[in-house]
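Sequences listed follow chains A and B, in order.
Everything in the first sequence is counted per the numbering used here, starting at 1 for the first residue and increasing by one.
Everything in the second sequence is counted per the numbering used here, starting at 1001 for the first residue and increasing by one.
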Amino acid sequence: MNPLMDRQFLVLDGGMGTMLQAKGLQLGGVPELWNLERPAEIIEIHRAYVQAGADVVYTNTFGCNRLKMARTGHSVEQLIGAAVRNARSSGAPFVALDIGPIGQMLEPTGTLSFDEAYDIFREQIEAGNDADLIVFETMSDLLEVRAGVLAAKDFGGGKPIFVTMSFEENGRTFTGCSVSSMALTLEGLGVDAIGVNCSLGPEELVPIVEELCRWTTLPVIVKPNAGLPDPVTNSYHFTPEKFGSCMRTFAEMGAVIFGGCCGTTPAHIRAVRDMLRTQTRTERHPVIPAAVCSANQTVIIDQPRIIGERINPTGKKRFKQALIEHDIDYILGQAIQQIEAGADILDVNVGLPDIDETEMMVSAVRAIQSITDTPLQLDTTDARALEAGLRIYNGKPIVNSVNGEEESMQKVLPLVKKYGAAVVGLTLDKNGIPKTAEGRFAIAERILQRALSLGIRREDVFIDCLTLTASAEQAGVMETLKAVSRVKNELGLRTVLGVSNISFGLPSRELVTRNFLTMALYAGLDLPIINPNTESMTAAVRTYKLLANIDKNAVDFIAHYGAEVTPAPAKPTASGMTLGAAISAGLKSEAAALTKSMLNEIEPMVIVNEHLIPALDAAGAEFEKGKIFLPQLISAASAAQGAFEEIKTFLSEHSTESVNRGTIVLATVKGDIHDIGKNIVKILLENYGYQVIDLGKDVPYEDVVTATERYHAPLVGLSALMTTTLPSMEGTIRLLRERCPWCQTVVGGAVLTPDYAEKIGADYYAKDAKETVDIAKRVFQN
Amino acid sequence: MISLPAVDRSQGFRYMGLHSKPDAQMLRLADICEKRLLSAALPRYTYQVCPIEFTTQGVVCTGTALTLTGDDIAAHLHGCGRVILLCVTLSAAVDTAIRAAAAQDVLAGMMTDAFASALTEQLCDAAEQEILTHFPDEFPTWRFSPGYGDLPLALQGDFLRTLGAEKRLGVTLSAGGLCIPTKTVTAVIGLSGMPLPKGKKGCAVCRLQATCPYRAKGVHCK
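Structure, rendered in structure tokens:
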């Protein structure tokens, strides 16, 4: 064991920034420069902490990354090298390489990519190679921490890794990360100690540390500020005595690593050291439940939880088409619909022979996590796609799946361990699916043993005893349920089942599936993989929870079914409303329903050309006359989108034909993250039948060119909202001129003017979305 | 620390370009957007008070690394002895809420975004009101933000560092110089011991005055 981790308690140092400010560092100044310019004063602070009793001093490198140091004229290597030497000179028993947040937020909220974050951390870690341990502190974004920890694992030479995050009084970090998510994710990743620092004083941290102690078996770190800052002066007022006595509370809870953050001084650390002299270590034995999480949401598997199965192209032509067209919005739509219907976890399967599954897995995971906190289950047989998904997943996901074959276990389980995921084990091997419950139980046991031998927790292994179709193997149904029951009771593992397969080939499939689901739940099924949009399935789970006394006082059941009369879904088709009227009134579901029924009699393209587009034209004309405003135009477009989706689904199922009046690449330019305007343009263009390749926001010049080349797009639309990002628009157009001379450009955005558009070489300026459509019609002459 | 129980809807509708009375359908959507926005928002602010010095380089915020450059801010702070540097944010969860709404429905995305902008303004007002209670004997100017007039947006980095906005609020700057979370505002409020003359406000110092769609309609954005 590392001697560092061997001590009964470990005392860290106290504040650095506030100590430097007391020595004259300006607010907003660069503390890291003092490593080179005023080393004696840095060493003096370190030494004061060592003399006060600190075992570990943190290097003065909190913001020492290439982005924050760019303006100093010094390299990260230089500054960190000096900082480690200064810390060493203090005579500290251990020197920690201190790493704070990068200072730019990662995608999707910010613009920094995960890979760039990883590389920034790598540079810091390599520069701090001479330190004894690596500390990430004051972290807020769990994804950023993951990038850092992975870099520390890969480049830190096996040094212990500590992570402390900063929580607010609501028990969450600024980005919304919860205590349980932090603990599940970081313990899974194999860090050595976790805890809290900064943001709050010791008193406010009590409930947060209490919660953390329940969620981790790792040593817990507490490094608070010296109380809350004075609102006017921003200074801290906790005396060393008060600080020391508050810290005793944490020692009694079971925390073992203590230090101070903003406003604490060597005297505060001495008080902590003195307090620990009369304190014995409180042994903790927390029982961490089976659970998965995103950064902001933890799902404890202590009762049946629904895994939504709809993000999967198997047997779905419309989904396959979406994958081929890289239509992420379609996937997001599927995600939202399932969550609203009651899914607790979403299965994500984006494998298709013709596409790059790795790239698609990354895009899908990132996109889904950008709009929802629901944890995900990564479903793929491609190890490369799996690892890519695991790498960028923010939280602790489920891997679907491993099976009892040696090759599968060798391939999948090390990835599960490395990224700290949970895993679904399928009870099959090279001999296929055993007919008996005993056979499947034996495979489950084998998978479990292998997982345990790799250090994967028992609670993180979920077993799928596999549903066979009742029509083909009627006798096998009860074997599956027997196996579920044995795995649950004898191995103590959570169980998973995809239930829909049970009714394949039978009439009244829903009836069969629903009853099987209830039987399986009773046999011990924890994670049914179902289509939550089928109300009877979700209802079966809710009803089971009621009857099994899980949904206490039927709170959830009544919330869903308590209304005396369930309102019947509106059937607008009977009302005589036309599609045009529905669009003009912005009635999306009505427009969709009308289109669906029209498709029985009318050719899809006739609906588009004779109903949809005229309705949009009419709305556009009203908009131009100032009779309606942008929101009403968008409302009409949104309704038309509902109609269009029906047409696309119909076409993908009935023919190879698709609606495409021309391909247009759209992007919000590099550096700009406002995409609402661009999205409005997109929806309108799509409604008019154009195929829109939406590259999103903050798009590098090169990506616009690559997409324009790939689709040989005749028209590219660029959007920018800020004056500061207009040069990016100009740069993109210049590169397009060079590499894609065939294409024309249309630009728009709040700060653009026709004159400026002309100046930067755009072919067209569009003042709004409607005008963009007019321009597209002109370019494509349709 | 500040509670904002409702969105100023008339402002929100205006931000999204709805210049007519919202119909029932629009109001239904507004209820949904407002509810989700309010549950996501974690309104916070931080501020720093510092003496200022008028120099040829600009207005120096003493004791900090920040110098406010340009003629407009100097004129704005004329007669002030110190300033309040303010940063407010609705938090990153609001960005997620806007994205989620947009993924579901473009109009909902647009409305949530506009409502969030309105809520940010409300937060600025509430924060300013709360802060000024600490300075009962001084006379404040109106809020002036980087990007107004010739006060460069490029100052955001120094501004945020001076406030410790990353640590205190979780506010960062993107490579393109934009505040993240997006519903974030930074502003300078001058404090004077003497009553201040009413300075130029709003459109007079706005860089968009030539192209502003509101001005074209004869109204104001605020």
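Using N, Cα and C, we set each Cβ at its ideal position, and we do this for glycine too.
As the structure is a prediction and not an experimental result, all values here were calculated from the model.
So, helix, strand or coil for residue i, using DSSP?
i                  : result
aspartate 755(A)   : helix
lysine 670(A)      : coil
lysine 545(A)      : helix
threonine 175(A)   : coil
methionine 1016(B) : coil
aspartate 526(A)   : coil
isoleucine 1180(B) : strand
lysine 153(A)      : helix
alanine 255(A)     : coil
aspartate 694(A)   : strand
leucine 1151(B)    : coil
aspartate 230(A)   : coil
leucine 466(A)     : coil
threonine 997(B)   : Since the displayed chain B opens at 1001 and closes at 1222, residue 997(B) lies outside it and no answer follows.
methionine 1110(B) : helix
arginine 310(A)    : strand
methionine 139(A)  : strand
State the beta-bridge partners of residue i as determined by DSSP.
i                     : result
glutamine 78(A)       : In the DSSP output, where bridge partners are listed per residue, glutamine 78(A) has none listed.
serine 719(A)         : Thr668(A) and Gly748(A)
tyrosine 764(A)       : Val746(A)
lysine 223(A)         : Asn197(A)
valine 699(A)         : Val669(A)
leucine 497(A)        : Pro528(A)
phenylalanine 1144(B) : Val1188(B)
tyrosine 1045(B)      : Val1088(B)
asparagine 400(A)     : Asp379(A) and Val424(A)
aspartate 347(A)      : Gln377(A)
leucine 112(A)        : Leu106(A)
arginine 1082(B)      : Pro1051(B) and Leu1191(B)
valine 11(A)          : Phe258(A)
alanine 291(A)        : Ile300(A)
alanine 164(A)        : A quick correction: the sequence has threonine, not alanine, at residue 164(A). Looking at the DSSP assignment, threonine 164(A) forms a beta bridge with Gly195(A).
phenylalanine 94(A)   : Val56(A)
cysteine 1061(B)      : Ile1052(B)
aspartate 429(A)      : Gly432(A)
leucine 395(A)        : The residue you asked about is not leucine; residue 395(A) is glycine in the sequence shown. Glycine 395(A) is bridged to Ser294(A).
Who are the near neighbours of residue i in its chain, counting only those whose CB is closer than 6 Å to its CB and skipping five residues on each side?
i                : result
lysine 571(A)    : Unreliable positioning characterises lysine 571(A) in this predicted model, as indicated by a pLDDT of 47, which lies under 50. A coordinate reading is not provided.
serine 1192(B)   : Gly1079, Cys1080 and Phe1139
glutamate 482(A) : The displayed chain sequence assigns lysine, not glutamate, to residue 482(A). So the list reads Ala437, once near-sequence residues are dropped.
aspartate 460(A) : Ala422
Near residue i, which residues of its chain fall below 8 Å by C-beta distance, leaving aside the five closest residues on each side in sequence?
i                  : result
leucine 332(A)     : Ala367, Ile368 and Ile371
valine 512(A)      : Ala470, Ile502, Ser503 and Leu506
isoleucine 456(A)  : Leu413, Val416, Lys417 and Val423
glutamate 1053(B)  : Val1059, Val1060 and Thr1062
isoleucine 1032(B) : Ala1108
Mind checking if residue i is an interface residue toward chain D, Cβ cutoff 7 Å exclusive?
i                 : result
isoleucine 336(A) : In the structure shown, chain D cannot be found, because the protein chains are A and B.
Just to confirm my understanding: we take residue i, look at its own chain, exclude 5 residues before and 5 after, and list those with CB closer than 7 Å. What are they?
i                : result
cysteine 743(A)  : Thr708, Ala713, Pro714, Leu715, Val716 and Leu736
leucine 1119(B)  : Leu1004, Val1007, Leu1037, Ala1041 and Leu1090
arginine 66(A)   : Val76, Ile120 and Glu123
threonine 249(A) : Val206
isoleucine 45(A) : Met16 and Met19
methionine 69(A) : Glu32, Val76 and Leu79
serine 90(A)     : Ile43, His46, Arg47, Val50 and Val57
Flag this pair as touching only if the region 400-413 of chain A and the region 174-181 of chain A have three or more C-beta atom pairs under 8 Å; answer yes or no. no
**Item:** Interface residues of the region 1158-1174 of chain B facing chain A [CB-CB below 9 Å]
**Value:** Asp1158, Phe1159, Leu1160, Arg1161, Thr1162, Leu1163, Gly1164, Glu1166, Lys1167, Arg1168, Leu1169, Gly1170, Val1171, Thr1172, Leu1173 and Ser1174
| Cβ pair count under 8 Å reaching 3, the region 762-772 of chain A against the region 1076-1093 of chain B | no
Going along the chain, which residues of the region 1015-1041 of chain B sit with their C-beta nearer than 7 Å to a C-beta in chain A?
-> Met1016, Gly1017, Leu1018, His1019, Ser1020, Gln1025 and Met1026
- prompt: Using a Cβ cut-off of 8 Å, which residues of the region 712-725 of chain A contact any Cβ in chain B, in chain order?
  reply: So the close ones are Met722, Thr723, Thr724 and Thr725.
Is the region 518-530 of chain A touching the region 488-497 of chain A, taking contact as three or more C-beta pairs under 8 Å? yes
> What residues in the region 169-180 of chain A bring their beta carbon closer than 8 Å to a beta carbon of chain B?
Replying inline: Asn170, Thr173, Phe174, Thr175 and Gly176
| field | Inter-stretch contact (C-beta, 8 Å, three-pair minimum) for the region 207-214 of chain A and the region 145-159 of chain A | value | Cβ pair count under 8 Å is below three, so no.
Practice prompt. Give a yes or no on contact between the region 162-171 of chain A and the region 395-403 of chain A, applying the rule of three or more CB pairs nearer than 8 Å.
Written response: No, the region 162-171 of chain A is not in contact with the region 395-403 of chain A.
Counting only Cβ-Cβ distances shorter than 9 Å, please list the residues of the region 126-151 of chain A near chain B, keeping chain order. Thr138, Ser140 and Asp141
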